[in-house]
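Residue numbers (my numbering): 9 to 124.
Each residue gets a CB set at the ideal place from its N, CA and C atoms; glycine is no exception.
Below: one structure, written as structure tokens.
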Amino acid sequence: MTKEKFIIDSSTVLKFIQIYCDDKHKDATKLYETLQLNYLNENLDEKLEYHLCSTCKETFVYSYQRLKECPHDEKPRCRKCPNPCYEKTQWKKLATIMRYGGIQLGLNKIKKIFIK
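Printed below as a string of structure tokens:
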């Protein structure tokens, strides 16, 4: 995986988890933090800022670690991966988050079109 692809994938996972956390954990205490991206033992010139509850932060950190350790040069979609690195419970949790976030992103695009 290229560094650029790693940055995009890390940002995308965070975006989906952030949407999920903002909607589902509105009343939870949020942690405001910054993550310096690191790939193949090299610090990248990219930081991700987030404000997540502790549960969603754990999910993001877990996903980030799995992404960093992905052995494929060209990363497949996780559900089509021949050697999944996610534990089954974590995979199901992230699948739920990604499905929810994808729907919300789609709805936000539609709202912007009609609310002009």
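Practice item. Return yes when the Cβ of LEU75 is within less than 8 Å of the Cβ of ASP31, no when it is not. Key: Contact flag unset, no.
Review point. Assuming TYR28 contacts GLY109 under a Cβ cut-off of 8 Å, what Cβ separation, rounded to an integer in Å, is found between them?
Key: Sure, about 6 Å apart at Cβ, within 8 Å.
**Study point:** Counted within 10 angstroms of its Cβ, other Cβ atoms place LEU39 as buried (16 or more) or exposed
**Key:** In the assembly as shown, LEU39 is an exposed residue. Its beta-carbon has fewer than 16 other beta-carbons within 10 Å.
Check your understanding: What's the C-alpha gap between GLU41 and LYS65?
Key -> Computed Cα separation, rounded: 10 Å.
Exercise for review: Let me know the secondary structure DSSP gives LEU48 once reduced to three states.
Suggested key: In the structure shown, LEU48 sits in coil (DSSP, three-state: anything other than H, G, I, E or B).
Check your understanding: Who are the near neighbours of PHE14 in its chain, counting only those whose CB is closer than 8 Å to its CB and skipping five residues on each side?
Key -> Excluding residues up to 5 positions away in sequence, LEU45, TYR47, LEU52, LEU75, LYS76 lie with their Cβ nearer than 8 Å to the Cβ of PHE14 in the same chain.
Point to revise | Per-residue DSSP class, three states only, for LYS38 | key: LYS38: coil per DSSP, three-state reduction.
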